[in-house]
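A.B. asks: Residue numbers are given in my numbering: position 649 of the sequence shown equals residue 1175, and the series is strictly consecutive.
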Amino acid sequence: MRAAIEQNLWSVVAVAILFGYLLLVQLFRYRRADDITSKYAFKKRPLSSMKTHEAFSIMRQLQQLEFPYAMNKARTVALLKAGGIPTMSKLFAVTGQNTRKNAGKRAVDTEILIREVQSNSHDSQRYMNSIARMNYLHARYRQAGKILDDDLLHTLGTNIVEIFNIINVSEWRQLSAVEKCAVGIFHKVLGEDMLIPYSSLPSGPDGWTDGLHFANELYEWTVGYEQRVAKPVATGDQYVRVYVDGATAALPRPFTTLLRKVIAFDLDETMRISLNLERPGVVLSLFLRSIRGLRKVLLRHLCLPRPEFLAVHNISPQANLETNMYSFDQLTLQPWYVKPNAWNIWSPKALLFQAFGGRKAGSHGDRYHPEGYDLQTIGPEPQKGKGMEEMNATVEFLKMRNTDRCPFSATGVYEYPRMVRFQVVYRPLLLAENIQVTPRNYHRPPTVLPPDGGIVYVKIHNGPTNLWDWKVTQDVADALDRIEADVSIKVAIFKSDNDKFFIAHYDLNQPGPEAPPIETQQHDLFSRILFKIAKSRVIFIAEIMGAARGLGSEFILHCDMRFAAKTAQLGQPEITVGLIPGAGGIEYLVRLVGRARALEYILSGRDVDAITAEKIGWINQSFEPMELATAVQQLARRIASFSPEALSATKQRVNSQCLPRDEDILEDVEIFSALRKNIKYSSRKL
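The following block contains the structure:
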């Protein structure tokens, strides 16, 4: 009797423990998902306010904690699907990378670079090095037309498609709208850094409301693109035979057939046919669906959330102290970059790979680079050690643009509700007397980045409103002399480090680190700067973020081309303080927008927005703020690919047809100086 009571008591305890555990799972299983969405629940914040660092934080949680299996599988399937696009599979074939000898390393190199960009924040050195390496390896094929922009957009979109699809069918819960928004933001910024244009997307010209809108639109476009272009070709079949069949070459043929069918199970019909894979069949499909369903039930009802100390890391967090390179700890049949330690040789997983014909880590000497990989040299052996100058320039470019921002906010900055923020707003008519002029310690010389493929960037920074003063005049003149002396430079791009001001205007009170000389010397040097920009052999492009008023507007008018963010403002406000445009604004505007419109904007002193400026001819084109740099760089790269002699001759001939006379501009300078002597500026600054 007593034994029966004790047995029943233990049964009750066991049931209570089981019930308590299940209750604990129910209580905590969705805790992380709820934390992710809580910031945006009940309209606390719009999805458009999500910043890049917030998007990466969510991506990290999805990859390392919530869905590590699905995210890794999505990346693998996305890489495989590249072979289903005929132009891509043909490129792999003609470059010699789709052979038994090279395919294994190419696959691992590609996966490493993708893992690096997906696992590191956009402002990290490892992310920027990975982007720089990818861009360099792609550059010559893009210029030759062997990699199409739509192919790269498809590659980017395939990652989103597979993340959404595989999590939807394989995981214990689906992605929330907030998580999809984060995936969209992360990949949009990634695409911009890879110089992938979005003009093929329906909302490309007008922009997207938030990351969710972008992700859904790219998803639909990618699926449609596959339906349009994916088809079975010989190079696609070869691609699969090398990467899939080659993995089981040491095993009986039925294992290869089974693997091909298992892979086909995760593909839609379009890509399955394009990759020449067999149908999985009813029995195998039913078995795989059952395994998938059982896993979902177990994870949902019996597993607590993965804690941080068990996070799945896709890359080595630290470089090898001995070699200063990174090890690749993911075992494959060919142990590229795998460190030959005891775990990587004798663990159950390692022994299983060896049983299926895989090589042992550290075997064949240095054949598989057991010392690790270097992000600046990874890739095909013929490209090893090449492209350092180009990659360094790309990294510098990324450092300028990859700051924390809201990619889908009009200003790039989200104002949190119920927080008071004070802001000085530039007004062309009058600036309040209590607003201080630019402090001396704000000025820094313009940043001139090293040339990248014939392109150089000149970044202007002088205080909170980027006023133009005597010191800026000297520094820009010096930069132009250096550019003109470097015969390798074909295109120069002017930009500002201040998203609100390209160049606000000329500083009439002349604050700055050096006292200016007499006014005639200032005007003489500045005039020579503008004339040099207009007449130089170099093609000058203005990349305009924020306001370009007064002298700022005249500066960009002397540039050969002008591209602006849609949020930018342009204007000639001199009339509001009794002056005239004194550096060619009159002559250029009459030629660009016509006499009547030139009079309208000069005599009213009103601003004109970038969209209107594009319509009337003040600028070439306007773009969404986050797309501006990419669009300008793509145009600059195309121009820089042509003969320097042809570029210079073309510019000279165009100038001969429409350039204003120097004498007319110098006359404006004299009138401006004469009018300025009669005006007091105690409370008015342009």
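From the three backbone atoms N, C-alpha and C, an ideal C-beta is built for every residue, glycine too.
Note that the coordinates shown come from a computational prediction; the quantities given were computed from them, not determined experimentally.
As a quick exercise: from Ala837, Ala1175, Leu1077, Val809, pick the residue whose alpha carbon is nearest that of Tyr595.
C.D. replies: On the sequence shown, residue 595 is found 69 positions in, with the first residue counted as 1. Per the Cα distances, Ala837.
A.B. asks: May I have the straight-line CA-CA distance separating Trp1144 from Ser1174, to the nearest angstrom?
C.D. replies: Position 618 of the sequence shown holds residue 1144. Position 648 of the sequence shown holds residue 1174. Distance between the alpha carbons of Trp1144 and Ser1174: 23 angstroms.
A.B. asks: In this structure, does DSSP put Tyr894 in helix, strand or coil?
C.D. replies: Position 368 of the sequence shown holds residue 894. Reduced to three states, the DSSP call for Tyr894 is coil.
A.B. asks: What residue range is occupied by the uninterrupted beta strand (DSSP E) comprising Asn992?
C.D. replies: Start at 1 with the first residue of the sequence shown, and residue 992 comes out as number 466. That residue, Asn992, is in no beta strand (DSSP E); it is neither H nor E in DSSP.
A.B. asks: Considering only their Cβ atoms, is the gap separating Tyr894 from Trp869 smaller than 8 angstroms?
C.D. replies: Here the question's residue 869 lines up with position 343 in the sequence shown. Here the question's residue 894 lines up with position 368 in the sequence shown. Cβ distance not < 8 angstroms, so Trp869 and Tyr894 don't count as in contact.
A.B. asks: Shortest alpha-carbon distance to Ala741 belongs to which of Glu795, Leu727, Tyr751, Leu639?
C.D. replies: By 1-based counting over the sequence shown, the position of residue 741 is 215. Of Glu795, Leu727, Tyr751, Leu639, the residue nearest in Cα terms is Leu727.
A.B. asks: Taking a contact to mean a Cβ-Cβ separation below 8 angstroms, would you say Ala581 touches Phe712 in this structure?
C.D. replies: Position 55 of the sequence shown holds residue 581. Position 186 of the sequence shown holds residue 712. Contact: yes.
A.B. asks: Who are the Cβ neighbours of Gly622 in its own chain at under 8 angstroms, not counting the five residues just before and after it?
C.D. replies: If you number the sequence shown from 1, residue 622 lands on position 96. Asn628, listed in sequence order.
A.B. asks: Output the distance between the C-alpha atoms of Ala1162 and Ile657, rounded to the nearest integer angstrom.
C.D. replies: By one-based count along the sequence shown, residue 1162 stands at place 636. By one-based count along the sequence shown, residue 657 stands at place 131. Distance between the alpha carbons of Ala1162 and Ile657: 19 angstroms.
A.B. asks: Could you give the first and the last residue of the continuous alpha helix (DSSP H) run that contains Ser816?
C.D. replies: Numbered from 1 along the sequence shown, position 290 holds the residue referred to as residue 816. Counting along the chain, the alpha helix (DSSP H) containing Ser816 begins and ends at 808-828.
A.B. asks: Who are the Cβ neighbours of Pro723 in its own chain at under 6 angstroms, not counting the five residues just before and after it?
C.D. replies: Here residue 723 refers to the residue found at position 197 when the sequence shown is read from its first residue. Closer than 6 angstroms at the Cβ level, and outside the excluded window around Pro723, lie Asp675.
A.B. asks: For Met1152 and Leu924, which I take to be in contact (beta-carbon distance under 8 angstroms), what is that distance rounded to the nearest angstrom?
C.D. replies: For the purposes of this step, residue 1152 is taken as residue 626 along the sequence shown, with counting starting at 1. For the purposes of this step, residue 924 is taken as residue 398 along the sequence shown, with counting starting at 1. Rounded, the Cβ-Cβ distance is 14 angstroms, inconsistent with contact.
A.B. asks: Beta-carbon within less than 6 angstroms of Leu744's beta-carbon, same chain only, minus the 5 sequence neighbours each way: which residues are those?
C.D. replies: As a first step, residue 744 must be located in the sequence shown, where it is residue number 218. Gly683, Ile686.
A.B. asks: Which complete alpha helix (DSSP H) runs does the segment 849-929 hold, if anything under 4 residues is left out?
C.D. replies: 868-872, 874-881, 914-927
A.B. asks: Which residue wins for smallest C-alpha separation from Phe1089, given the options Arg1063, Lys1141, Ile1106?
C.D. replies: Position 563 of the sequence shown, counted from the start, is the residue given in the question as residue 1089. Answer by Cα proximity: Lys1141.
A.B. asks: DSSP state of Phe1020, grouped into three classes?
C.D. replies: Your numbering for residue 1020 matches position 494 in the sequence shown. Of the three classes helix, strand and coil, the one that applies to Phe1020 here is strand, per DSSP.
A.B. asks: So what does DSSP say about Asp1086, is it helix, strand or coil?
C.D. replies: By 1-based counting over the sequence shown, the position of residue 1086 is 560. Correct three-state label for Asp1086: coil.
A.B. asks: Does the segment 593-608 come within contact of the segment 873-887, defined as at least 3 CB pairs closer than 8 angstroms?
C.D. replies: no
A.B. asks: Whole alpha helix (DSSP H) runs in the segment 773-800 with 4 or more residues, listed along the chain?
C.D. replies: With a minimum length of 4 residues, the continuous alpha helix (DSSP H) runs that stay inside the segment 773-800 are 779-791, 795-800.
A.B. asks: Specify whether the segment 694-703 and the segment 811-831 touch according to this definition: at least 3 beta carbon pairs, one from each stretch, less than 8 angstroms apart.
C.D. replies: yes
A.B. asks: Ends of the alpha helix (DSSP H) at Ser1299?
C.D. replies: Limits of the chain in this structure are 527 at one end and 1212 at the other, which puts residue 1299 out of reach.
A.B. asks: Assign Trp536 to buried or exposed, taking buried as 16 or more other Cβ atoms, counted over all protein chains shown, within 10 Å of its Cβ.
C.D. replies: Locating residue 536 in the sequence shown gives position 10, counting from the first residue. Answer is exposed; the Cβ neighbour count stays below 16.
A.B. asks: Mind checking who Ala1073 pairs with in its DSSP beta bridge?
C.D. replies: Here the question's residue 1073 lines up with position 547 in the sequence shown. Phe1027, Gln1095.
A.B. asks: In the DSSP assignment, find the beta strand (DSSP E) that holds Phe1149 and state where it starts and stops.
C.D. replies: Walking along the sequence shown from the start, residue 1149 turns up at place 623. Residues 1147-1149.
A.B. asks: Terminal residues of the continuous alpha helix (DSSP H) containing Val749?
C.D. replies: By 1-based counting over the sequence shown, the position of residue 749 is 223. Start and end: 737-755.
A.B. asks: Could you tell me the distance, in whole angstroms, from the CA atom of Tyr566 to the CA atom of Leu573?
C.D. replies: Along the sequence shown, read from residue 1 onward, the residue named residue 566 stands at position 40. Along the sequence shown, read from residue 1 onward, the residue named residue 573 stands at position 47. Answer to the nearest angstrom: the Cα atoms are 7 angstroms apart.
A.B. asks: Under 8 angstroms between the Cβ atoms of Gly1078 and Thr1102?
C.D. replies: Locating residue 1078 in the sequence shown gives position 552, where the first residue counts as 1. Locating residue 1102 in the sequence shown gives position 576, where the first residue counts as 1. Cβ distance not < 8 angstroms, so Gly1078 and Thr1102 don't count as in contact.
A.B. asks: Mark Phe835 as exposed unless 16 or more other C-beta atoms lie within 10 angstroms of its C-beta, in which case mark it buried.
C.D. replies: Counting from one through the sequence shown, the residue named residue 835 turns up at place 309. Looking at its Cβ environment, which holds fewer than 16 other Cβ atoms inside 10 Å, Phe835 is exposed.
A.B. asks: Please state if the CB of Gly1097 and the CB of Asp1025 are separated by a distance shorter than 8 angstroms.
C.D. replies: Residue mapping note: residue 1025 aligns to position 499 of the sequence shown, counting from 1. Residue mapping note: residue 1097 aligns to position 571 of the sequence shown, counting from 1. Gly1097 sits away from Asp1025, with the two beta carbons spaced by 8 angstroms or more.
A.B. asks: Take the Cβ of Ala633 as the centre, count every other Cβ of all protein chains shown within 10 Å, and call the residue buried at 16 or more, exposed below.
C.D. replies: The residue you call residue 633 lines up with position 107 of the sequence shown. A buried status is given to Ala633, since no fewer than 16 other beta-carbon atoms sit within 10 Å of its beta-carbon.
A.B. asks: Are the CB atoms of Val1116 and Tyr1127 nearer to each other than 8 angstroms?
C.D. replies: For this step, residue 1116 is matched to residue 590 along the sequence shown. For this step, residue 1127 is matched to residue 601 along the sequence shown. Contact flag unset, no.
A.B. asks: Within a Cβ cutoff of 6 angstroms, which residues of the same chain sit near Gly913, ignoring the five residues on either side of it in sequence?
C.D. replies: Your numbering for residue 913 matches position 387 in the sequence shown. Here the set comprises Tyr662.
A.B. asks: Going by the DSSP bridge assignment, what does Ile1191 pair with across the sheet?
C.D. replies: In the sequence shown, residue 1191 corresponds to position 665, counting from 1. Answer is none; Ile1191 lacks a bridge partner.
A.B. asks: Any heavy atom of the ligand ZN closer than 7 angstroms to the beta-carbon of Val687?
C.D. replies: As presented, the structure is devoid of all ligands, the ligand ZN included, so that no description of it is given.
A.B. asks: From the DSSP output, which residues share a beta bridge with Asp1133?
C.D. replies: Start at 1 with the first residue of the sequence shown, and residue 1133 comes out as number 607. DSSP output for Asp1133 lists Gly1097 as bridge partner(s).
A.B. asks: With Arg885 and Leu857 assumed to form a contact (beta carbons below 8 angstroms), what rounded beta-carbon distance in angstroms separates them?
C.D. replies: Position 359 of the sequence shown, counted from the start, is the residue given in the question as residue 885. Position 331 of the sequence shown, counted from the start, is the residue given in the question as residue 857. Wrong, their Cβ atoms sit about 10 angstroms apart, outside the cutoff.
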